[in-house]
Amino acid sequence: MFNRAIFIKLFVILIVIGISSLVFYSAVEYTSTPEYCASCHEMQPFYDSWSETSHGMKDKGVVKAVCVDCHLPHTGTLAYMLAKGKSGANDTWAHITGRKTDWIANLEDSEEYTYHTGCRKCHVELVAQGIPLKAYRAHNQYKLGETSMTCVTCHDEAGHGDVADFMSADNIRE
Amino acid sequence: MARARKLFIVLVTVFMVAAAFSVLWAAEKNGSLNLDGLREITIDQGYTKDAAKCVECHAKKTPGIVESWKSGRMSHAAVSCIDCHSVKKSSPMAGQCEGIKGSKIFISPMVSPKTCARCHPAEVEQFSKSGHARLAGVPVLEKDKFQKLMYHLEGGVFAGNDKDAPSVSTVRAAGCQSCHGGEVQLGPDNRPINNTWPGGIGERYPDGGIGNCTVCHTRHNFDLKEARKPEACASCHLGPDHPDIEIYLSSKHGQQFLAHGDEWKWDSAPGVWEPGDYTAPTCATCHMSGIGDLNTTHNINERLKWDLVHPRSVVRSGERGNGEKGDKLMRQVCSNCHAKTHTDVQRSNLDNAVDLYNFYFDKATAMKNDLKSKNLLKDDPWSDGFQELNYYLWHHTGRRARQGTAMFGADYTQWHGFFQIFQVYKDMEDIYDYRIKNNKIEELSTVMNSGPE
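So the protein sequences, as listed, match chains A and B.
In terms of my numbering, the first sequence has 172 at position 172, counting the first letter as 1, and numbering is strictly consecutive.
In terms of my numbering, the second sequence has 190 at position 190, counting the first letter as 1, and numbering is strictly consecutive.
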């Protein structure tokens, strides 16, 4: 009754799946650090400008959010991995082919590549008691789904400060 | 007695001179001779140091602005100068006034809807989809005919005025742009030049923002009551080509407003300004306000069925709205005060007025096309009686008839409307007949250039 061959095959498959998962997980971890992102020189100004904000290391060097926290969707593992794969492939291809990007012009579309689902992982309470009156109104409309504007529409300096100014001020290392 | 009086006068004089000197001495000691205490504001709480500094300085420099802000809603929400006027250093509009020169703060006198959206995102989104935003600026900025009218014709270039003279842009800057909006041009210090700012409701700003919220919500008071009153609309929706305020004031709705408006409650919270607060609607009530089950909208196209603005009236579609849906929404507005029978009559009056106007317009267009095909139209429409009348037909009398009917201004449906439409049409017919019969254009136009009033 006991089929030894099938058992061994199943055992080997499980081991292989386990090891690949570990390798895959480490790869995801490894490619999710700001240092990894900045290992391509194109990303250096964004690493530098991020470092100077409170989400970076401005406040006593305590990092509060890294690249993937904001620039990947946090709506589920599948969506996250798909977006990670897609943008990773895009960036790699741009790096290899030397494609230039108009970063300043791209700021117009910052809502498209800064995901509010990322913000919401930490910023859960948007209309908490004690919130300034002037923020209450916009946060409440966002919470009620009355606007399609997202966090970065207003908080456009949260991640990189005045990044357009940073880019124009000779901070770019070619 | 006389001696005593003299002594008294001397004492009073001495006292007054002493008092005057002591005031001057005190002022000198404070380093200024500003005796106007009303202009002094000191802020110790609720604002950052930078925010307070703007208010304190501008209370002296531009006290009217600060007084207006003080009495408005913004100050009650702790929103001050810096919240709306500060911009990023990288903003194309970034500049620095004397008070902040050398600091890390950058400001602009221009405030685009992008800034307003930081606290009022839903309102700005609705507004941006409306005819009050991009579409409003189209004539001034994108239409060749309109440009020619503003500069070449009204600016007097055709009559020999130097085309580079500043006076040529008078009509654009002080006229058209004040309602339609224009496009801000910037000088080397990032401040507006060529009188391209301020502008009306479709103003286009260097930061990409389109629109001007302060047209209805006048700065720096931002009074809710003001935006709800018909006067807010009246600075643009008036005159011979779209006398909307005149139509409203002569309607039953306007009669109620004029007679009882003083007793109405104008400052109910947004969305719950309902019948009872008023006994008749204003422009805002029907076109924007939350009433009954309807939510407030800043998209003024949302509750409209017909396009009553352009040469031929059609049911609104595309960027101009959704007419079928608009009709339903407007009927829903009416239903808050009127039974179905009454509403049906008014809406069918409008449909009929549109049909009648379109009938005249189509016939006029057929004549025009015939003349064009026979080369019997002048190249310059403004010295061609037929084309001038055609313009007045749709732009003046035609709009008055259509909009007058839509908003129950009977005099505008009739005397200012269809009465003149039929006259204009008959004159066009006469000119058409003459040209066809003689196969030539009459030598002089008999049309008065001021047009029918």
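The beta-carbon is built from N, C-alpha and C at its ideal position, and this holds for glycine as well.
Original post:
Along the region 246-278 of chain B, what residues have a CB closer than 7 Å to any CB found in chain A?
Top reply: none
Original post:
Where Leu72 of chain A and Thr114 of chain A are concerned, what is the direct C-alpha to C-alpha distance, given to the nearest angstrom?
Top reply: 7 Å
Original post:
How many angstroms separate the CA atom of Pro92 of chain B from the CA atom of Ser108 of chain B?
Top reply: 9 Å
Original post:
Mind checking whether Lys129 of chain B and Asn299 of chain B have CB atoms under 7 Å apart?
Top reply: Cβ distance < 7 Å, so Lys129 of chain B and Asn299 of chain B count as in contact.
Subject >> C-alpha distance - Thr42 of chain B paired with Ala51 of chain B, whole-angstrom precision >> reply: Taking the straight line joining both Cα atoms gives about 12 Å.
Subject >> Where the region 78-95 of chain B meets chain A: residues whose CB sits under 7 Å from a CB there >> reply: Ala78, Val79, Asp83, Lys88, Lys89, Ser90
Subject >> Backbone secondary structure at Arg172 of chain B - three-state DSSP >> reply: The three-state reading of DSSP puts Arg172 of chain B in helix, counting H, G and I together.
Original post:
Is there contact between the region 400-418 of chain B and the region 340-353 of chain B, where contact requires at least three CB pairs shorter than 8 Å?
Top reply: yes
Subject >> Val124 of chain B versus His132 of chain B - alpha carbon distance >> reply: Cα to Cα, Val124 of chain B sits roughly 11 Å from His132 of chain B.
Original post:
At a Cβ threshold of 7 Å, is Lys134 of chain A touching chain B?
Top reply: yes
**OP:** Report yes if the CB atom of Gly404 of chain B is closer than 7 Å to the CB atom of Gly385 of chain B, and no otherwise.
**Re:** no
Original post:
Terminal residues of the continuous alpha helix (DSSP H) containing Phe222 of chain B?
Top reply: Where Phe222 of chain B is concerned, there is no enclosing alpha helix (DSSP H), given that its DSSP letter is neither H nor E.
Subject >> alpha helix (DSSP H) runs contained entirely in the region 15-78 of chain A, provided each spans 4 or more residues >> reply: 34-37, 44-51, 67-71
Subject >> Unbroken alpha helix (DSSP H) run spanning Thr214 of chain B, endpoints >> reply: Note, Thr214 of chain B: premise wrong, no alpha helix (DSSP H); not H, not E.
Subject >> Interface residues of the region 122-148 of chain A facing chain B [CB-CB below 8 Å] >> reply: Within the region 122-148 of chain A, the residues whose Cβ lies closer than 8 Å to some Cβ of chain B are Pro132, Leu133, Lys134, Ala135, Arg137, Ala138, Gln141, Tyr142, Glu146, Thr147, Ser148, listed in chain order.
Subject >> Cβ distance (whole Å) where His160 of chain A is taken to contact Ser49 of chain A below 8 Å >> reply: 4 Å
Subject >> Distance between Cys54 of chain B and Ile82 of chain B (C-alpha atoms, nearest Å) >> reply: 7 Å
Original post:
DSSP state of Tyr391 of chain B, grouped into three classes?
Top reply: helix
Original post:
Would you say Asp187 of chain A faces chain B, with C-beta separation under 7 Å as the test?
Top reply: No statement about residue 187 of chain A is possible, as the shown extent of chain A runs from 1 to 174 and does not include it.
Original post:
In angstroms, rounded to a whole number, what distance separates the CA positions of Pro139 of chain B and Ser383 of chain B?
Top reply: 22 Å
**OP:** With a cut-off of 8 Å on the beta carbons, I'd call Asn358 of chain B and Arg312 of chain B a contact; round off their distance for me.
**Re:** 6 Å
Original post:
Can you tell which of B:Gln45, B:His58, B:Ala77, B:Thr279 has the C-alpha that lies nearest to the C-alpha of Ile131 of chain A?
Top reply: B:Ala77
Original post:
Identify the residues that DSSP records as bridge partners of Gln185 of chain B: which are they?
Top reply: B:Ile193
Original post:
From what residue to what residue does the alpha helix (DSSP H) around Thr117 of chain A run?
Top reply: 116-122
**OP:** Establish whether the CB of Cys154 of chain A and some CB of chain B are separated by less than 7 Å.
**Re:** yes
Original post:
With His180 of chain B and Gly137 of chain B assumed to form a contact (beta carbons below 8 Å), what rounded beta-carbon distance in angstroms separates them?
Top reply: 6 Å
Original post:
Closer than 7 Å, Cβ to any Cβ of chain A: which residues of the region 106-128 of chain B, in chain order?
Top reply: Ala117, Arg118, Cys119, His120, Pro121, Ala122, Glu125
Subject >> Any chain B beta carbon closer than 7 Å to Arg173 of chain A >> reply: Any answer about Arg173 of chain A is weak, because its pLDDT of 48 lies below 50 and its placement is not dependable; what the coordinates show is given next. Using beta-carbon distances, Arg173 of chain A does not count as an interface residue toward chain B, since no partner is under 7 Å.
Original post:
If we count the other Cβ atoms within 10 Å of its Cβ and call it buried at 16 or more, is Phe457 of chain B buried or exposed?
Top reply: Because residue 457 of chain B is not part of the residues shown, which for chain B are 1 to 453, the question remains open.
Original post:
Any idea what DSSP makes of Val79 of chain B, helix, strand or coil?
Top reply: Reduced to three states, the DSSP call for Val79 of chain B is coil.
Subject >> Cβ of Leu35 of chain B within 7 Å of any chain A Cβ >> reply: Reliability of the predicted coordinates at Leu35 of chain B is poor, the pLDDT of 47 falling under 50, and the value obtained from them is presented with this limitation in mind. No - not a single Cβ of chain A is within 7 Å of the one on Leu35 of chain B.
Original post:
Any Cβ of chain B within less than 7 Å of the Cβ of Asp59 of chain A?
Top reply: no
Original post:
Terminal residues of the continuous alpha helix (DSSP H) containing Arg137 of chain A?
Top reply: Note, Arg137 of chain A: alpha helix (DSSP H), 133-143.
Subject >> Val63 of chain A versus Met43 of chain A - alpha carbon distance >> reply: 18 Å
**OP:** Report, in whole angstroms, the separation of the C-beta atoms of Gly182 of chain B and Arg191 of chain B, which I expect to be a contact under 8 Å.
**Re:** 15 Å between Cβ atoms; not a contact.
Original post:
Between His123 of chain A and Lys49 of chain B, what straight-line distance do the alpha-carbon atoms span, to the nearest angstrom?
Top reply: 27 Å
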